[in-house]
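Quick note on numbering: my numbering labels position 23 of the sequence shown as 28, and the sequence is numbered without any gaps.
Think of the CB as a built atom: it goes at the ideal place given N, C-alpha and C, for glycine as much as any other residue.
The next block holds one structure in the form of structure tokens; read it before the comments.
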Amino acid sequence: MSEIYQQFAEVYRRGSYPEFSKWVFNLLPSLLEKYALPRSGKLLDLACGEGTFLEGMLLNGWQVTGLDQSSNMLRFAEARLKNTGKSFRLIQDDMRNLSFENEFDLVTCWFDSLNYLLELADLENTFRRVFRALKPNGGFLFDMNTLYGLFVRWQQHPVYISQETDDLLEIHIPSCDYEKSEASLRIILFVRDDQKNQWNRWEEIHTQRAYPMDLIQSALEKAGFQVLARLGNLTEQSPALPSSGRVWFIAQKPA
Ligand SMILES: C[S@@+](CC[C@H](N)C(=O)[O-])C[C@H]1O[C@@H](n2cnc3c(N)ncnc32)[C@H](O)[C@@H]1O
């Protein structure tokens, strides 16, 4: 797992992927208001990637910390955040090692990053650490791919082109292992290097695990969280259904 989001980082940043966290950023204020969660203060964005969400939050007055295990994703995040002229903190680490105490008003983790935790014990441990990192009344918001998402949505095509431009070709080959509740994407990248007048080929395998929504909720509650909502559609703020491809959790550390 440690080698993912290395060559892919550049392709991620150049492609449409950052649109996801831009969209979440735009919807966030209404969620914070509806669930009476902090609307200013200190934010920790786990698995912050190339920093699009952090950039929006920083420009909106939040004090931001981003954490990600990928040095290449963080390099892009740093360049993006420096452009704002404001101060920020970026940490290269595995989210399973989180060790803050009572520091943040909000912790977020977007775009199914928690699905990369392949052991239930790791998910539970991360939830406990997020709980510790939050101040009382602090909010924890994240999304995860559901079982339906990984085993139906991801598997719709045996192979497909995810991005194609004059200088980039990104091919996805999905597969799944029902016994382990895991699905993998073999991502094959062809990236043009104009200076050397050649194409480079890279490959990454991204494996995610889906957890039943009730199990995620009970892990949150075991960590001490109160679950305020479990949404299937963020725009409509409607409840998650068994056929939702993605689930959005909104949780709070009690006072
Ligand atoms: C799909 S990207 C999402 C990035 C960002 N949250 C966004 O919305 O664009 C998944 C991110 O999770 C990070 N990641 C995966 N497992 C991680 C772990 N155990 N600890 C820290 N970061 C992790 C990857 O490096 C990658 O940047």
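In this structure, the CA atom of glutamine 168 is about 7 Å from the CA atom of glycine 20. Contiguous alpha helix (DSSP H) elements confined to the segment 67-123 occur at 76-87, taking only those with 4 or more residues.
Selection around ligand 1 by beta-carbon proximity, strictly under 5 Å to any non-hydrogen atom, yields Tyr10, Ser26, Ala52, Gly54, Asp73, Gln74, Ser75, Met78, Asp99, Met100, Trp115, Phe116, Ser118, Tyr121 in chain order.
A straight line joining the alpha-carbon of serine 76 with that of glutamine 97 spans about 7 Å. Note: phenylalanine 254 is bridge-paired with Phe147, Arg235 in the DSSP secondary-structure output. The beta strand (DSSP E) runs of length 3 or more contained entirely in the segment 161-221 are, from start to end of the chain, 165-170, 173-182, 187-198, 203-214. For leucine 49, no alpha helix (DSSP H) run applies; the uninterrupted beta strand (DSSP E) run containing it begins and ends at 47-51, by DSSP. In terms of Cβ geometry, lysine 185 and leucine 123 form a close pair [threshold 9 Å]. Phenylalanine 132 sits close to leucine 225, with the two beta carbons spaced by under 9 Å. DSSP places asparagine 142 within a strand segment (E or B) once states are collapsed to three.
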